[in-house]
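Take a look at the structure set out below.
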Amino acid sequence: MSQKRTKTLVHYRMEQAYDTLREAEKLFNRSVLKGAISHAYYAMFYAAVALLSTTDKKTSNQGMVVILFEKEFVEKEIFPAELQQWLQFGFKHHQSRNLDNAENGVDQATTKLFLGKSKQFITTAYAYLFNTYGF
437 MSQKRTKTLV HYRMEQAYDT LREAEKLFNR SVLKGAISHA YYAMFYAAVA
487 LLSTTDKKTS NQGMVVILFE KEFVEKEIFP AELQQWLQFG FKHHQSRNLD
537 NAENGVDQAT TKLFLGKSKQ FITTAYAYLF NTYGF
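Quick note, the sequence shown lines up with residues 437 to 571 if you use our numbering.
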């Protein structure tokens, strides 16, 4: 993929990430916890896809994005393991059919914490992309 195309894709995916995070925050403010968790996860997913587009490991499969993020960025110590753990949390709970069930550990406090971690993930991804590639 050309550098121009990569840059365009990175910008598009990061814009999706920020837009989706804003939607997650709106859902949280309306106490729609299932939707807030799902949107916060997708915001992280879009940022992870943006990061992966700078490597030769490209996929849009959600499970593979989680795995490849770990291999390409956490195992190489570019990002801390905590970010991978929160991406996995979002993936796990996004896949669950009972997101708003207290048995799954998703309540108002957990959702608020996850929104903060999602924002941290996205801003960390953006800083890396900007500092490394000038995107």
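Note that beta-carbon positions come from the ideal geometry of N, C-alpha and C, so glycine has one too.
Small disclaimer: the values here were computed from a predicted structure and weren't measured.
Let me know the secondary structure DSSP gives residue i once reduced to three states.
{"i": "E459", "result": "helix"}
{"i": "S474", "result": "helix"}
{"i": "L535", "result": "With a pLDDT of 48 at L535, under the threshold of 50, the predicted position of this residue should be treated as unreliable, though the coordinate-derived value follows. Here L535 sits in coil by DSSP."}
{"i": "T442", "result": "helix"}
Looking at the unbroken alpha helix (DSSP H) that takes in residue i, where does it start and where does it end?
{"i": "F557", "result": "Q544 to Y569"}
{"i": "K528", "result": "A517 to Q531"}
{"i": "V468", "result": "Segment: none, V468 is in no alpha helix (DSSP H) and carries neither H nor E."}
{"i": "F509", "result": "Premise fails: F509 is in no alpha helix (DSSP H) and is neither H nor E."}
Could you check the C-alpha separation between residue i and residue j for me, to the nearest Å?
{"i": "R458", "j": "K512", "result": "30 Å"}
{"i": "M450", "j": "D492", "result": "18 Å"}
{"i": "E461", "j": "A472", "result": "7 Å"}
{"i": "K443", "j": "T546", "result": "34 Å"}
{"i": "M480", "j": "L519", "result": "10 Å"}
{"i": "H447", "j": "F571", "result": "7 Å"}
{"i": "F509", "j": "R466", "result": "34 Å"}
{"i": "L487", "j": "T568", "result": "11 Å"}
{"i": "D536", "j": "T456", "result": "Note that D536 scores a pLDDT of 48, beneath 50, so its modelled location is shaky; the value from the coordinates is reported in the next line. Approximately 19 Å between the Cα atoms of the pair."}
{"i": "H475", "j": "Q531", "result": "12 Å"}
Considering only heavy atoms of the ligand PLP, does any lie closer than 7 Å to the CB of residue i?
{"i": "K512", "result": "With respect to small molecules bound, the structure shown includes none, and the ligand PLP cannot be examined in it."}
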